[in-house]
Each structure stands twice: as C-alpha cells, then as structure tokens.
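As they're listed, the protein sequences go chains A and B.
Last residue of the first sequence? That's 883 in the numbering used here, and every number before it is there in order.
Last residue of the second sequence? That's 593 in the numbering used here, and every number before it is there in order.
Here is the structure we will look at, set down as structure tokens.
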Amino acid sequence: MPADTRTHGGALLGSEVRVLFRRWRTWAMLAALATIPILMAVVVRLSSEPPGPGEGPPFLDQVTNNGMFVAVTALVVTTPLFLPLTIAVVSGDTIAGEAGLGTLRYLLVAPAGRLRLLVVKYVSACVFCVAASGTVLLVGWGIGSALFGTGEATLLSGDTIGVGDAVVRSLLVGAHVTICMLGLAAVGLFISTLTDAGVGAMAAVAVLTIVAQVLGQLEQLAWLHPWLFTHHWLSFADLLRAPIVWTSFTENVLLQAAYVAFFGALAYGRFSTKDVLS
Amino acid sequence: MARTLTRWLPAAAVPLVIVGSVALASAAGADDLPERTPEDILTLLADRDHQPYSGEFEQTSDLGLPSLPGGVDLPAGAGDAAAVTAALEALTSDHNGRVFVGEEDQARLQVFDSFGERDLIVNGPEVWAYDSGENAATHVTLPDEATSRTAPDQQLTPDAVADRIVEAAGPTTELSVREDVEVAGRAAYDLVLTPRTDATLVGEVAIAVDGETGQPLQVTVTAQGESTPAFQIGYTSLDLSAPDADLFAFTPPAGAEVEEVAPPTAPQGVDTADHPKPTVLGTGWESVAVIDASATDLTSQPLLAQLTTAVDGGRLLGTELVNVLITDDGRVLVGAVPLERLQAAAAE
Chain A
606 MPADTRTHGG ALLGSEVRVL FRRWRTWAML AALATIPILM AVVVRLSSEP PGPGEGPPFL
666 DQVTNNGMFV AVTALVVTTP LFLPLTIAVV SGDTIAGEAG LGTLRYLLVA PAGRLRLLVV
726 KYVSACVFCV AASGTVLLVG WGIGSALFGT GEATLLSGDT IGVGDAVVRS LLVGAHVTIC
786 MLGLAAVGLF ISTLTDAGVG AMAAVAVLTI VAQVLGQLEQ LAWLHPWLFT HHWLSFADLL
846 RAPIVWTSFT ENVLLQAAYV AFFGALAYGR FSTKDVLS
Chain B
246 MARTLTRWLP AAAVPLVIVG SVALASAAGA DDLPERTPED ILTLLADRDH QPYSGEFEQT
306 SDLGLPSLPG GVDLPAGAGD AAAVTAALEA LTSDHNGRVF VGEEDQARLQ VFDSFGERDL
366 IVNGPEVWAY DSGENAATHV TLPDEATSRT APDQQLTPDA VADRIVEAAG PTTELSVRED
426 VEVAGRAAYD LVLTPRTDAT LVGEVAIAVD GETGQPLQVT VTAQGESTPA FQIGYTSLDL
486 SAPDADLFAF TPPAGAEVEE VAPPTAPQGV DTADHPKPTV LGTGWESVAV IDASATDLTS
546 QPLLAQLTTA VDGGRLLGTE LVNVLITDDG RVLVGAVPLE RLQAAAAE
C-alpha cells in the first residue's frame, strides 16, 4: 500500500472518530452509562444496612469492602442491555446514517475505496465499544473508591485478593465485555449496509441482541448456544475465580473473531456491490 | 456479474474456514494405545499411583426429569426436605467445575454456578467448605487417623464416580473394551460395563481410563434401550503437573459466616442418630435401598408432589436411570430397577 493512501486511511479514521465524539448523542450515551455505577454506589452508601451475600446483583455485597467492585457490578448490570443498546446505536448508524443523510456518496467520491471506508467505520465503532465499557469501568472505580475506599476483595472461590489484584481482575472483566461488544459491532455494521434508514438498523441490532439472549435461555436449543454471540457475555464470572478460568475468555475471543470475520465479509459483499444513490 | 460474485466470496469462505477448523479440532483422533484386556484395564485403574493434577470437569444429566430451575429458591423447607431438594438439584441439572489434587492429603473441588461457586478444600486434617452465594464457610478439623481417605471421595468427580461404580460392579457385570477414545486431550481406553441382567434400568456404563496413568477421565451411563447417555461426568481438560500449594491453604474471607463443626466420631462420618440407615435388598445392579422416612412427611412437599406420580402402593419419582418409590407408609425405596421390582421389594 503506497504511503499516501495509508495516511489517507489514517486521516479518515481520525476524522471519523472526531465526528463520533463531537456528537451530543455519543456523550449522552456515555453519560447514561456512567450514571449506572454512580446510582448503584450512592444507593448502597445511603442504605442503612449493607447488602448481604446473595442480595441484589452479583458482587454488590463486595462493594462495601472494596469500592472498585462497583465497576464489576455495574458491568454485570449493563452488559445484557444498556451497553449493547449504545453499541447498536453507533454500529447501526455507521453506513446507514451516512446514506440517510446523503453524505455517503461524498465519502466515496474521495479515493477512499469502499473497503477502506468500511474498515474505518468498523474501527471507529470499536473505539466507541472501548469508550463505553471503559466509562462504566472507570466511573465505577472512581465513585466506588471515593465512597467506600479500596481494600481487600473476596473472589468467588473465597480467596481474598489485594487492591492491585482487584485492579487487574476488573480490567480483565472490562476487556472481556469490550471483546463481546466487538462481535455485536460487526453485526451492526452489516445490518447498516442493508438499509438507508439509520434508525431501522439500530433497532434491528438492538432486537437481535434481545433475541439472541432469549434463545440462549431455551434449553431446547442447547446445541445452538455455543454459537450465539451473546453466549459468553456474562461468563466473566470465570475471571473472578482463583485461579482464573481462562476457558470461557479464550472461547469468547475465538467466537467474537468468527463473528467479526463473517459479518465483516458479509458487509463487504453487500457494501461493495451496492448501488450508492444517496 | 462475475465481479459481483467475487465480492461475496469472502462471506462464503469464512463459514467454510470456521466449520473446517472446528471439524479439524474435534476430529483429532486418539493415539494408538497398546491392546489390553478389560481385566488389565481394571488393574490399571486400581493400581494407579497418586498423581497430582488439576482438571476442569463437566457433568450433564438427561434423566427424563424436568430440570429444576437452578439458583431459584425452592419451597424446600428445612432439614431433610432441603437435603432431598439439594440431591434432586445435583442429579437433574448440569454442572461444571474444577478439581485440584496436590499431595496425597490435599484436594480442592470447585463447583461453578453462574455467579457463584462452591468450594471444598482438604489440606491434611483441615477441611473447609465455602459457598460464595451465602458467603459462608464450614470448618472441620479431622482427628489424625481419619485423614487418609476423606471427603473428596464422597464428591462428584469423574474419579470418585468411576471408583464407586467399579467397586459396586461385581460378577453380575460383563466387561468389554471398545475402541480407544480421547478425553480432555488424552488417549484413553473405553471400558464398558454391561449388567448381565435385564432387571435393571442401566443399559451400560462406559469408563474412559487414561492409557498412561490409569486415571478415570469420563463416566457415561446409558439407560436400557436409550442411545444418548442419561448421565455423563468427565474432564474437559487435565493438567498432570502439581497445582500451586497456596490453593489448599484456605482462609475464610473477612465478613464470611464461619461455622466450626466437630469432627465426626464415626469413621464414615454418617450421623446415625438422625438419619435412619438404609437397608439394602438384593445384590449388584438389582439392589434396592430401603430408607424409613416415616418421621418426615415427604409427600406433602409441594415439589415432590409435583415431580412424582401416583402408582400402586405409593408415589413414584421415575427417571431413565433410577426409580424412587415413596410408599404410603413412609418408606422410600431407591434402585436402578423397574418399578415392579420396587413394588415387590416394598411388599416383602
């Protein structure tokens, strides 16, 4: 690849990410995500008695010992719905949004090539995935350690870990959740190439995440479960055992990579053969 | 047109690559093991040396019972009824977890729940049980003489299940060896135990025995006339190096409810005062255990009432592998036998 086209791709990505973070919508979604750990921490702080074991969302009883567990609890709560909703909005909008606004053909007039535009759009959606789960994680750490301080935390296996280990473990949980969202973003990118209506694509992606999770609950479809992109969404509990169980983490990486490859290829097939009229 | 098709090629190629690599990964055949007779494999199984290891295991049950909602608080009540519910849950639902075995008197068993874990840690005379859902720990210090064979043997691990089945199978069992299998990435003999009688619900029991170490890697129980296993427990991965010694040194977390339990006085740890000892009728695969439970009114438990059906002489909890008859006079008969055999035993 000649040097000038590479810099062109880089510049395109840079401008894409700048546009993404210049939108009010992006900041509103990140703010909404940030309220969840804040809400949880404040409620636990204000309640007269700390939550007992097994009460409320997982790990909530850990919060009073080590405030950083607010981040983990917030990720447990946001992963099934709130987080994927924001990813659905951003990824569903990637191509369909430009088409809807009539800006897609201008993007393609520049000698960018459709494949490069697709890659740049996907990478910027991935940047948002990192920002979204990073927001929950960092705000959770911040508010948790401010209200409860940091201290020792208990793993599911009953072993006690120190502050440094707790940071590493919650970072791993954040990484797992982010990787889960990358597959969803690829699905969103493909759906976004199918339509010119951004809202329709967003809704379709959001509905898919719900449908996949409902299918994951049906015992009769057990054979299908390992292939659902939502299969490992909540299996980050395995990262909080002693020693860490890596099986579900690595399985999830492979699964999401397969989703990215397949839906990326589908998006390429669709987008490169599509008549761009708007 | 041709150009359009080439653009869709990647989308067609990716699934092929994925399916291909999945098929390749699962088709990796077992290494050739030297031929052995079933008796040789039994010896290999019985004479295995102590081997430190860590492994992940998986248990699946398909007993033809409705699986109980895991993690949901059932109207279990206290004491015996809770124990019955717990036993039912263990039988009907699927589990996975890990086993660590260090020195001869060190072991740790972890049973995973979706956001919880139950641990059992044995380190010499110190035995800890921890339940993360309750954040509660139980501690027992065993007297010296009892430390040799302790709790992990009574737990559900592939090792323990296989040892117990082989112990129970006597001359009423026909032994054979099938083609070698691969379990947890290790080549294993597939030892098949077939009951020599039709008066049992068990069709066959297959035990995968590690060709190198003699360790049981997987136990599969198939009911008579069925093709899919009714119960299976086996390792999904196995590491034969000694696990970290720190794993066996358990300190209950701060804030956990710790209960100190006096060591059992009887060598087997069965509290004979509260629990009536079962009487066993018959031998081998046809044996029936009879427990006198007239003290507790089992049939009034809503859960049991729901799972059982009314039959002659009581209520039946019927599964593919095991039948449980709760007679009207409060006896409980359990056996891997048809209902008629239970009814006959109840009449004796």
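Ideal Cβ positions, reconstructed from N, Cα and C, are used throughout, including at glycine.
Chain-ordered chain A contacts of residue i [CB-CB under 7 Å]
i, result
"D364/B", "S762, G763"
"S472/B", "By Cβ distance, chain A contributes nothing, its closest Cβ being about 16 Å from S472/B, past 7 Å."
"F476/B", "Those do not exist, as F476/B stays about 16 Å from chain A at its closest Cβ, beyond 7 Å."
"Y375/B", "G763"
"E504/B", "Those do not exist, as E504/B stays about 14 Å from chain A at its closest Cβ, beyond 7 Å."
Own chain residues within Cβ distance below 6 Å of residue i, not counting five before or after
i, result
"D318/B", "Note that D318/B has pLDDT 41, beneath the 50 cutoff, so the model's placement of it is unreliable and the number below is only indicative. If we look at D318/B and ignore the five residues flanking it on each side, it has no Cβ neighbours."
"A323/B", "With a pLDDT of only 44 at A323/B, under 50, the local geometry of the prediction cannot be trusted, and the value read off the model is given with reservation. Closer than 6 Å at Cβ, skipping near neighbours: no residue."
"S584/A", "Chain A is shown from 606 up to 883; residue 584/A falls before or after that span and cannot be answered."
"Y375/B", "D364, A382"
"T669/A", "P655, F753"
"Q861/A", "I784, L787, G788"
"L526/B", "V533, A590"
"L742/A", "A676, G779"
"G869/A", "A791"
Cβ-based neighbour list, residue i, same chain, cut-off 7 Å, excluding 5 preceding and 5 following
i, result
"V426/B", "A275, A433, D435, A453"
"P523/B", "A534, V535, I536"
"E505/B", "H384"
"V778/A", "V677, L680, F841, L844"
"L566/B", "L308, L446, V447, V466, A468, A475, F476, A581"
"V865/A", "L787, G788, A791"
"T402/B", "F302, V344, L354"
"P314/B", "Caution applies to P314/B, whose pLDDT of 46 falls short of 50 and renders its modelled position unreliable; the value that the coordinates give is listed next. Around P314/B: no qualifying Cβ."
"W530/B", "T417, P440, T442, T445, V447, A581"
"D339/B", "Q304, T305, S306"
"G657/A", "D666"
"T755/A", "N671, G672, M673, V768"
Residues of its chain near residue i, where Cβ-Cβ distance is below 8 Å and the 5 sequence neighbours each way are ignored
i, result
"L250/B", "none"
"P508/B", "V385, T386, L387, P388, A391"
Under 8 Å from the C-beta of residue i: neighbouring residues of chain A
i, result
"Q355/B", "S762, R846"
"A382/B", "G763"
"I191/B", "Chain B is shown only over 246 to 593; residue 191/B falls outside these bounds and no answer can be derived."
Residue environment, residue i, which counts as buried when at least 16 other CB atoms sit within 10 Å
i, result
"G470/B", "exposed"
"H781/A", "buried"
"L261/B", "exposed"
"P279/B", "exposed"
"S762/A", "buried"
"D698/A", "buried"
"T282/B", "exposed"
"P642/A", "buried"
"S266/B", "exposed"
"P831/A", "exposed"
"T554/B", "exposed"
"A847/A", "buried"
"W746/A", "buried"
"L760/A", "buried"
"S472/B", "exposed"
"L587/B", "buried"
"Y727/A", "buried"
"G479/B", "buried"
Where residue i meets chain B, residues with beta-carbon distance less than 9 Å
i, result
"T683/A", "Those do not exist, as T683/A stays about 15 Å from chain B at its closest Cβ, beyond 9 Å."
"E757/A", "P498, A499"
"D666/A", "N380, G500"
Partner residues on chain A for residue i, Cβ-Cβ distance less than 9 Å
i, result
"S271/B", "Those within 9 Å of S271/B in chain A number zero; the least Cβ separation is about 12 Å."
"S359/B", "P663, L839, S840, A842"
Residue i: contacting residues in chain B (beta-carbon distance under 7 Å)
i, result
"A870/A", "P255, A256, V259"
Within chain B, partners of residue i - CB distance below 8 Å
i, result
"Y873/A", "R252, P255, A256"
"T699/A", "The contacting residues do not exist; T699/A stays about 18 Å from chain B at best."
"S877/A", "R252"
"N670/A", "A499, G500"
Cβ-heavy atom distance, residue i to the ligand GDP, below 7 Å
i, result
"V772/A", "The ligand GDP is absent from the structure shown, which contains no ligand whatsoever."
Task: contact_flag[the segment 676-692 of chain A, the segment 787-799 of chain A] where n(CB pairs < 8 Å) is 3 or more - done: Counting C-beta pairs with one atom in each stretch, the segment 676-692 of chain A and the segment 787-799 of chain A have three or more that are closer than 8 Å, which means they touch.
Task: Against chain B: residues of the segment 853-867 of chain A by CB proximity under 7 Å - done: Along the segment 853-867 of chain A, going in chain order, the ones with a CB nearer than 7 Å to a CB of chain B are A863, A866, F867.
- [ ] May I ask you to list, following chain order, the residues of the segment 482-497 of chain B that have a beta carbon less than 8 Å from some beta carbon of chain A?
- [x] Of all residues in the segment 482-497 of chain B, only S482, D489, L492, F495, T496, P497 come within less than 8 Å of chain A when Cβ atoms are compared, listed by chain position.
TODO: Identify each residue in the segment 249-261 of chain B for which the Cβ-Cβ distance to at least one residue of chain A is less than 7 Å, and report them in chain order.
DONE: Hits within the stretch, in order: T249, R252, W253, P255, A256, V259, P260.
- [ ] Examine the Cβ distances between the segment 792-799 of chain A and the segment 822-829 of chain A and report whether three or more of them are shorter than 8 Å.
- [x] Taking 8 Å as the limit for Cβ pairs, the verdict is that the segment 822-829 of chain A does not touch the segment 792-799 of chain A.
Task: Stretch pair the segment 644-662 of chain A + the segment 712-729 of chain A: three plus CB contacts closer than 8 Å - done: Counting Cβ pairs under 8 Å, fewer than three are found: no touch.
- [ ] Output, in sequence order along the chain, the residues in the segment 292-306 of chain B whose CB is closer than 8 Å to any CB in chain A.
- [x] For the segment 292-306 of chain B, the set of positions with a beta-carbon nearer than 8 Å to some beta-carbon of chain A reads E301 in chain order.
- [ ] May I ask you to verify whether the segment 717-732 of chain A touches the segment 627-639 of chain A, counting CB pairs closer than 8 Å and requiring at least 3?
- [x] Proximity of the segment 717-732 of chain A to the segment 627-639 of chain A falls short of the contact definition, fewer than three beta-carbon pairs being nearer than 8 Å.
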